[in-house]
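Data block below; observations after.
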Amino acid sequence: MELSPAERQRYSRHLLLPEVGEAGQRRLKAARVLCVGAGGLGSPALLYLAAAGVGTIGIVDFDEVDVTNLQRQIVHHTADVGRSKLVSAREKIAALNPDVRVEAFAEPFSAANARSLLETFDVVVDGTDNFPARYLVNDACVLYGKPNAWGSVHRFEGQAAVFAAAGGPCYRCLHPEPPPDGLVPSCADAGVLGVLPGVIGTIQATEAIKVVLGIGEPLIGRLLLYDAWRMRFRAIRLPKDPDCAICGAQPTITELREVGASCAAGVRLGSDWGQTGVRLESDHQMTVNELKARIDAGTAPVIIDVREPWEAAICSIPGARLIPLAELPRRLDELDRSAEIVVQCKSGRRSAGAVALLRERGFARAANLSGGILSWINEIDPSLQRY
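Residue numbering for the sequence shown follows the working numbering, beginning at 1045 and increasing consecutively.
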């Protein structure tokens, strides 16, 4: 692909780099990069890939912009709240670089569509925010031979690597199986420093560009760790696991399948481990409408709030007793094992782990409040402040 005079001017700082030059810029123009997710990691990656002149950018996302996204998802603006992230991201890319072609896929990334999504792209940027999706993207990249510029963020820490490249490790070499559901809280539960995805997403874009150009030393066989709290970067060696289930010498995963969270490792709460996992039976759950009816009837169970104190200060369910999740294992003696207990958090994930622990420790009547306080706000008391 030849460069037009306007493109030579736009990318002049690239052309001055002997490692890129006009040949490299033409290669970027011909490149096709797929970004799975247009959120915290996808936002900076999409913008910098477009600015760099990647000719075709694919975006997989089926979500809408929420006001809580704006603290970190810089491709979306206040006016975009409630709109499709795909539409929002496409508009920003067009405004930044109208020469870039965007292919939008308004659907979840799944085992059913992974091959068709990946097959025409050169590199994948993993901007997903949950473990099932992360493993699915990894497995698809390994099986279909696509380098995966991967990143992850949590609170003040980030990680980045290039997985599934020729001769290099994959994500399963680092983490063979997903953790139990609820073990690692999401950004919605644990929080994330807003600028952190910008740092990691930009690194992902950098690695994708290096892979396309075939230059430098991509993060193949290395895991980059970033600690924003202490402002430290360090890279550790990450060798390919010869016994890896998908990229090892004798793989046991030979076809793509949906990935679920593992329950085998149990649920970690503080320093204690519960071996029951967090997949709760239906009778271990209570809806917010059921709880409200019980409160109105004067037969309310004991309500335990396992969120952090700052969360409870924003909004709370009447009568709930605050015992932060990290403190729960050492405060079990404060609770009556014969009592009916309902545990709540923000969305129902942390509380599910707490219920698993309680039932393991003899609280046979412990149940999880499905959907947490967010469901309570949606269905019972919309006057409470969301966060």
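No residue lacks a Cβ here, since even glycine has one placed at the ideal position from N, Cα and C.
Small disclaimer: the values here were computed from a predicted structure and weren't measured.
Using a threshold of 8 Å, state whether the C-beta atoms of TYR1092 and GLU1201 are closer than that. Locating residue 1092 in the sequence shown gives position 48, counting from the first residue. Locating residue 1201 in the sequence shown gives position 157, counting from the first residue. Contact flag unset, no.
According to the neighbour-count rule (16 or more other Cβ atoms, all chains shown, within 10 Å of its Cβ), is ALA1293 buried or exposed? For the purposes of this step, residue 1293 is taken as residue 249 along the sequence shown, with counting starting at 1. Exposed, since its Cβ has fewer than 16 Cβ neighbours within 10 Å.
Identity of the residue in LEU1059, ALA1138 and GLN1117 nearest LYS1129 by Cα: For the purposes of this step, residue 1129 is identified with residue 85 of the sequence shown, where counting begins at 1. Closest option to LYS1129, Cα to Cα, is GLN1117.
Identified DSSP bridge partners for ILE1347: Locating residue 1347 in the sequence shown gives position 303, counting from the first residue. Its beta-bridge partners are VAL1386.
Please report how far the alpha carbon of LEU1072 lies from the alpha carbon of SER1196, in whole angstroms. Translated into the one-based positions of the sequence shown, residue 1072 becomes position 28. Translated into the one-based positions of the sequence shown, residue 1196 becomes position 152. Distance from the CA atom of LEU1072 to the CA atom of SER1196, rounded to whole angstroms, is 25 Å.
Return helix, strand or coil for ARG1381, following the three-state DSSP convention. Numbered from 1 along the sequence shown, position 337 holds the residue referred to as residue 1381. In the three-state reduction of the DSSP assignment, ARG1381 falls in the coil class, being assigned neither a helical nor a strand state.
Run through DSSP, which three-state label would ILE1101 get? Locating residue 1101 in the sequence shown gives position 57, counting from the first residue. In the displayed model, ILE1101 falls within a strand according to three-state DSSP.
What does PHE1407 pair with, by DSSP beta-bridge criteria? Within the sequence shown, numbered from 1, the residue matching residue 1407 stands at position 363. Looking at the DSSP output, PHE1407 bridges to nothing.
With DSSP run on the structure shown, which of helix, strand or coil describes ASP1124? Taking the first residue of the sequence shown as 1, we reach residue 1124 at position 80. Looking at ASP1124 - three-state DSSP - the assignment turns out to be helix.
Measure from the alpha carbon of ARG1054 to the alpha carbon of each residue in VAL1239, HIS1328 and GLY1097, then state which is nearest. The residue labelled residue 1054 in the question sits at position 10 within the sequence shown. Distance from the Cα of ARG1054 is smallest, within the candidate group VAL1239, HIS1328 and GLY1097, for GLY1097.
Between LEU1369, LEU1085 and VAL1080, which lies nearest to ALA1148 when the distance is taken from Cα to Cα? On the sequence shown, residue 1148 is found 104 positions in, with the first residue counted as 1. Closest by alpha carbon: VAL1080.
Spatial neighbours of ALA1138 in its chain, beta-carbon cut-off 8 Å, leaving aside the 5 residues before and after: As a first step, residue 1138 is located in the sequence shown; it is residue number 94 there, counting from the start. Sequence-distant partners of ALA1138 (beyond 5 residues in either direction) whose C-beta falls short of 8 Å from its own C-beta, in its chain, are VAL1144 and VAL1146.
Check whether the Cβ atoms of ALA1208 and LYS1190 lie closer than 8 Å to each other. Along the sequence shown, one-based indexing puts residue 1208 at 164. Along the sequence shown, one-based indexing puts residue 1190 at 146. Yes, the pair counts as a contact, with Cβ atoms nearer than the cut-off.
Is it a yes or a no for the region 1372-1383 touching the region 1391-1409, going by three-plus beta-carbon pairs under 8 Å? By the Cβ rule, the region 1372-1383 counts as touching the region 1391-1409, because three or more pairs are nearer than 8 Å.
Quick one: Cα of GLN1429 to Cα of ILE1358, how far? Taking the first residue of the sequence shown as position 1, residue 1429 is located at position 385. Taking the first residue of the sequence shown as position 1, residue 1358 is located at position 314. Near 6 Å, if we compare the C-alpha coordinates of ILE1358 and GLN1429.
Measuring alpha carbon to alpha carbon, tell me which of ALA1205, LEU1085, ASN1157 and VAL1350 ends up nearest ARG1281. Residue mapping note: residue 1281 aligns to position 237 of the sequence shown, counting from 1. When the alpha-carbon of ARG1281 is set against those of ALA1205, LEU1085, ASN1157 and VAL1350, the nearest one is in ALA1205.
Spatial neighbours of SER1087 within its chain, please: CB distance less than 6 Å, with the 5 preceding and 5 following residues excluded, ordered by chain position. Start at 1 with the first residue of the sequence shown, and residue 1087 comes out as number 43. So the qualifying residues of the chain are GLN1117, ILE1118 and VAL1119.
Own chain, CB closer than 7 Å to GLY1415, minus 5 neighbours either side, in chain order: As a working note, residue 1415 is residue 371 in the sequence shown. Same-chain partners within the cutoff: VAL1332, SER1391 and GLY1392.
Report the option in ALA1370, LYS1336 and PRO1353 whose CA atom is closest to the CA atom of ASP1425. Here residue 1425 refers to the residue found at position 381 of the sequence shown. Nearest Cα to ASP1425 within the set ALA1370, LYS1336 and PRO1353: LYS1336.
Cβ-Cβ distance between ILE1367 and ILE1347 below 8 Å: The residue you call residue 1367 lines up with position 323 of the sequence shown. The residue you call residue 1347 lines up with position 303 of the sequence shown. The Cβ atoms of ILE1367 and ILE1347 do not sit closer than 8 Å to each other.
Could you tell me how far apart the beta carbons of LEU1300 and ALA1155 are, in whole angstroms, since I believe they sit closer than 8 Å? Position 256 of the sequence shown, counting from 1, holds the residue named residue 1300. Position 111 of the sequence shown, counting from 1, holds the residue named residue 1155. Under the criterion of beta carbons closer than 8 Å, LEU1300 and ALA1155 qualify as touching, at roughly 5 Å.
Reduced DSSP category for VAL1267 - H, G, I as helix; E, B as strand; rest coil: Here residue 1267 refers to the residue found at position 223 when the sequence shown is read from its first residue. Inspection of the sequence shows that residue 1267 is occupied by Leu rather than by Val. LEU1267: strand per DSSP, three-state reduction.
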